[in-house]
Amino acid sequence: MTELVNSFIELDWQDPFLISQCLIGIAIIFDFFSFQFKKREQIVACLFAAGLLITTHFALLEEWTATALMSIATLRYLSSIWTTSRKMMWFFSACSVTATAFTFAGLISVISCVGTLFQTRASFCETDKRLRQLMIVGTSFWLIHNYMVGSPGAVLMEVLFISSNLIGYYRHYIRPAKALLKH
7 MTELVNSFIE LDWQDPFLIS QCLIGIAIIF DFFSFQFKKR EQIVACLFAA
57 GLLITTHFAL LEEWTATALM SIATLRYLSS IWTTSRKMMW FFSACSVTAT
107 AFTFAGLISV ISCVGTLFQT RASFCETDKR LRQLMIVGTS FWLIHNYMVG
157 SPGAVLMEVL FISSNLIGYY RHYIRPAKAL LKH
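Read in order, the letters of the sequence shown are residues 7 to 189 in this note's numbering.
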């Protein structure tokens, strides 16, 4: 036990990678609980809070396309609390493509942009059911991205995010449908 405590104390708490992984740990909490809510507005409010932390995580890792895309996503989540406007969806999609073009770093940029475009469409869905479905697709691209950039915390976050989404989808849509069939 003493060795574990000493190892913890000896960590370089100024190391950007370590800080980035700690931020992802906090973001995981917001992400996990987001899809346990039923209301679309509550879901995207949690995603906004997580987005602030994830943006900082990618900046610490010097992943500039991901930083730009998550900055835009954070603003997108904030705005989508109040609107599902198609014009806003297209605005944020255009911002994401533009940011990707300016920070382009190869395939990794394309993967994160595709994931973002699915999540942008999801954010402006009028129903939480469609939001959940599109988020699974978008998050799958981010899972691949996070693996490729070498962020174990972000990979775990995406796996838990998809799991939480599937649990919420089951609770709100599959289980109630099964209950109706029994009656």
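The beta carbon of each residue, even a glycine, is placed where N, CA and C say it ideally should be. Bear in mind the structure is a predicted one, so any value in this text is a computation, not a measurement.
Check whether L75 and C131 have beta carbons under 8 Å apart: no
Fully enclosed by the stretch 17 to 104, which alpha helix (DSSP H) runs are 4 residues long or longer? 22 to 40, 46 to 66 and 70 to 86
What ranges does the alpha helix (DSSP H) occupy inside the stretch 109 to 170, keeping only unbroken runs of at least 4 residues that lie completely in it? 113 to 129 and 134 to 154
Taking the alpha-carbon of S99 as reference, which of G57, R181, T122 and I168 has the nearest alpha-carbon? T122
F64 beta carbon less than 8 Å from that of A72: yes
From S146 to E164, what distance separates their C-alpha atoms? 8 Å
Are Q48 and G174 closer than 8 Å when you measure CB to CB? no
Can you give me the Cβ contacts of T80 inside the same chain, cut-off strictly under 7 Å, excluding the 5 residues immediately before and after it? F54, G57, L58 and T61
Proximity winner among T90, L17 and E69, relative to R46 (alpha-carbon distances): T90
Is the stretch 155 to 172 close to the stretch 131 to 145, with three or more CB pairs under 8 Å? yes
Let me make sure I understand the geometry here. Which of M94, R127, L172 and E69 has the alpha-carbon closest to that of G112? E69
Identity of the residue in K188, C52 and L67 nearest P158 by Cα: L67
Rounded to the nearest angstrom, what separates M95 and A107 at their Cα positions? 18 Å
Does the distance from the CB of I114 to the CB of V50 come in under 8 Å? no
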